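Everything in the first sequence is counted per my numbering, starting at 90 for the first residue and increasing by one.
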Amino acid sequence: MKTLLLCEKPSAARRIAMALDDEGHPLEKKLGIVPYYESRRNGKILIIVPAIGHLYTVTPKIRNRDVYPVFDFEWVPRHEAERGAKEIKKWIDAISKLSADAEDFILATDYDIEGATLGYMILKYACGGKEDRAKRMKFSTLTTSELRSSYDKLLDSIEFPMIEAGICRHLLDAIYGINLSRALTVAAKKWSGRYSTISTGRVQGPTLKFLVDREKEINCFVPLPFWRINAKVEIAGHLFTIEFEKKVIKSQKEATEIAEACRDKKGKIVNIEVREFRQKPPVPFDLGTLQREAYSLFKYTPRRTADVAERLYLEALISYPRTSSQKLPKSINYRSILESLIRDSRYKKLAGMLLDKKDLVPNEGRKDDPAHPAIYPTGNLPERKLSVSEMRLWDLIVRRFMAAFGEPAVKQSVKVSIDVNGYIFYLKGRRVLKEGWITFYRPFMRVEDIILPPIKEGQIVEIKDLSIEMDFTKPPARYNPSSLLKRMEDEGIGTKATRAEIIDTLYTRGYISGDRAVVSELGLDVIDILDRHCPEVISVEFTRELEESMEKIQEGNEKLENVLERAVNKLTPVLLRLKKSEKQIGEELSLAIRESRMNQRIIGDCPVCGTGKLIILRSRKTGKRFLGCTSFFKHSCNVSFPLPQKGKVTAAGKVCSECGFPMIRLKLKGKRPLVICVNPNCPGKERKDSR
DNA sequence: GCAAGGTC
């Protein structure tokens, strides 16, 4: 008599199998590509098999993608709906086979909406209608003790209300996203005769709207002039920059008066304010915080960081990275991780310092995750040579982990007030008095000490280099991939696992371009059209409403059917109106698509003439593609660079750190994208950093 | 070649 235990993913299956086996040594087996485990617990045989996330998905019954509105959706195995999901069939087949000789069924996927829903679909379709008799393991961490106790206290059934809410989420997202995307795509295709994907959705829509709103703010911004006073002070033979008490002076007259009054005057130190403060260690990484830190330190996009972290996780160097937790439960065994890290010469001293402490208590953050702890190093050391990006990210995670256990840093700030002919200037210094956690995080600290020489009140000092400078107020900054991700997090749209991908989609659709995301005409038009016809889908309120409906469904106060019916009633007239306006919308979009396609061919500024742009061209003679300068058409620059002939070439959005030439992103089929400098003679070409 | 959500 066997019991089938269904898990969300292979790593979880493994942990669960180990925890539940009486001896802690489950049999490791394989059915084709699918790993599974046989554990023995109290005389019972447990077959523990993982899924790989969702194996089933919703798809419109009408497969012709030119048709809309479509409101009939069905759940199908993912490989039937998505290309590139071939392995899903093997997983479903394996689970079906294993379930055939199982008597009892236990759902052990993550205890959240998606976990419950994906488990339900597998029990229902792959296991042959076992959803009603399956029991449920409820756990929030994959620790041995919690897994055992959740097995001992099995819930009698899977959580149907939560599943109904999950199904609702899938269907609503599909109904809105697919219909509106089809409407826009079809309109453009009919007008131009060319296919180009124009997509939107519950998360894409509002995210693009953030960018468009910012773009408009920037366009409407009127810069105002202001003046500032620059000056230095000489103390003990050293020059220090000082700040005038008012950072911004609104009139030139006032600025000039101050400058006149202070130039060639001596200053008198009238006040010295010394402040000491403690700074707590940084909290361990959740995915979003890691993505932001990696962007700020290394300029890695959130997507790249997610990809690299995924690889580190698959090689067992770090814990599960798709987490929103900033907490490190004791059960991960801080000491054993540090004892393992100590084997790396770089961490020997640091890990040793922590191991000498009596108590190891991490400074945890506020954010939590029901399914996973914060990201931490497993203590394993790399078995192969890591790429530069893998090494940097691993090092960052290791040091952040250690820093979280460090002592608070003690810092001192000094503010010296200098009176110059009645005007006050500030000289600011800062220094670290006690490093504490900074010792561990040193390579990633960006603030330098400014150490002031001994000064005392009443001292007379020399003012140097006093000048006035005119500047203009600046418009709000454009989003970059990192700040956009933060905005999404703050607004609660998307998930930790999808946000980076959705931002990437906005780039590939040609809605935005560049590191400081500039919105294209196409992006503006899409938002404009949706704003006129269907403002709900570009509003964050849409997600709020969905969440409310899901909550009500879970409480039993709402039915899935009613929520869907309301959505259909809302969307039907919208889609009909879109269809009626197809011509006009098609024209508007098609023109913008052309411009967007053109923009996507631009790789960066021409490093030779400095005025033109490098653009992807095709040789008339050979048909080969290459990079040429747009100034060529004005007969002022004829520089050209060869391009790889295979794969998709896009702008990397940055210049080479070695030679300053623009870089391309080359995506070969089935491979990870490469970022390459366009300069064939780049000095960096000798060395290797492919990622 | 459509969404967003899991996961590899």
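No residue lacks a Cβ here, since even glycine has one placed at the ideal position from N, Cα and C.
Quick caveat, the model's predicted, so the values are computed rather than measured.
query = What's the gap between the Cα of residue 558 and the Cα of residue 573?
reply = 33 Å
Start and end residues, beta strand (DSSP E) containing residue 341 = Segment 341–351 is the alpha helix (DSSP H) holding residue 341; no beta strand (DSSP E) there.
ask   = Are the region 248–258 and the region 196–203 touching, with three or more C-beta to C-beta distances below 8 Å?
value = yes
Residue range of the alpha helix (DSSP H) that includes residue 49 = For residue 49 there is no data in the structure shown, the boundaries of the chain being 90 and 780.
query = Can you tell me whether residue 568 is buried or exposed, with buried defined as 16 or more other CB within 10 angstroms of its CB?
reply = buried
Beta-carbon proximity check, residue 361 vs residue 546, cutoff 8 Å = yes
Residue environment, residue 534, which counts as buried when at least 16 other CB atoms sit within 10 Å = exposed
request  = Indicate the three-state DSSP secondary structure (helix, strand or coil) for residue 92 in the structure shown.
outcome  = strand
query = Based on the DSSP secondary-structure assignment, which residues constitute the bridge partners of residue 508?
reply = 357 and 513
request  = Helix, strand or coil for residue 125, going by three-state DSSP, please let me know.
outcome  = strand
request  = Tell me residue 551's beta-bridge partners as DSSP assigns them.
outcome  = 323 and 355
ask   = Could you give the uninterrupted runs of the alpha helix (DSSP H) lying entirely in the region 552–622, keeping only those of 4 residues or more?
value = 570–580, 588–597 and 610–622
query = Excluding five sequence neighbours on each side, which residues of the same chain lie with their C-beta closer than 7 Å to the C-beta of residue 769?
reply = 730 and 731
Straight-line Cα distance separating residue 556 from residue 342 = 14 Å
C-beta atoms of residue 299 and residue 576 nearer than 8 Å = yes
ask   = For residue 210, which of helix, strand or coil comes out of DSSP?
value = helix
query = Leaving out five residues before and five after residue 684 in sequence, what residues of the same chain have Cβ atoms less than 6 Å from its Cβ?
reply = 610
query = Going by Cα to Cα distance, which pick from 538, 633 and 618 is closest to residue 261?
reply = 633
request  = Check whether the Cβ atoms of residue 330 and residue 336 lie closer than 8 Å to each other.
outcome  = no
key: Helix, strand or coil at residue 175 [DSSP, three-state]   = coil
query = Using the C-alpha atoms, what's the distance from residue 226 back to residue 240?
reply = 6 Å
query = How should residue 294 be labelled, buried or exposed, when 16 other C-beta atoms within 10 angstroms of its C-beta is the threshold for buried?
reply = buried
Which of helix, strand or coil DSSP assigns to residue 287 = coil
ask   = What span of residues does the beta strand (DSSP E) with residue 163 cover, start to end?
value = 162–166
key: Cβ distance (whole Å) where residue 191 is taken to contact residue 136 below 8 Å   = 6 Å
request  = Would you kindly work out how many angstroms separate the C-alpha atoms of residue 351 and residue 696, rounded to a whole number?
outcome  = 44 Å
ask   = Given that a residue counts as buried once 16 or more other Cβ atoms are within 10 Å of its Cβ, and exposed if not, what is residue 532?
value = exposed
inquiry  = For residue 367 and residue 497, which I take to be in contact (beta-carbon distance under 8 Å), what is that distance rounded to the nearest angstrom?
reply    = 4 Å
inquiry  = Less than 8 Å between the beta carbons of residue 151 and residue 184, yes or no?
reply    = no
request  = Tell me whether residue 90 is buried or exposed, calling it buried when 16 or more other Cβ atoms sit within 10 Å of its Cβ.
outcome  = exposed
key: Nearest-angstrom Cβ-Cβ length linking residue 649 and residue 268, presumed shorter than 8 Å   = At roughly 18 Å, the Cβ-Cβ gap does not stay under 8 Å, so residue 649 and residue 268 are not in contact.
task = Can you grab the Cα-Cα spacing for the pair residue 213 / residue 165, in whole Å?
result = 12 Å
ask   = Using a Cβ-Cβ cut-off of 8 Å (strictly less than) and excluding sequence neighbours within five positions of residue 421, which residues of its own chain qualify?
value = 408, 462 and 465
key: Residue interval of the alpha helix (DSSP H) (run including residue 309)   = 293–309
request  = Leaving aside the five residues before and after residue 604 along the sequence, list all residues of the same chain whose C-beta is less than 6 Å from its C-beta, in chain order.
outcome  = 569 and 742
message = Comparing C-alpha positions only, which one of 510, 677, 511 and 499 sits nearest to residue 523?
response = 499
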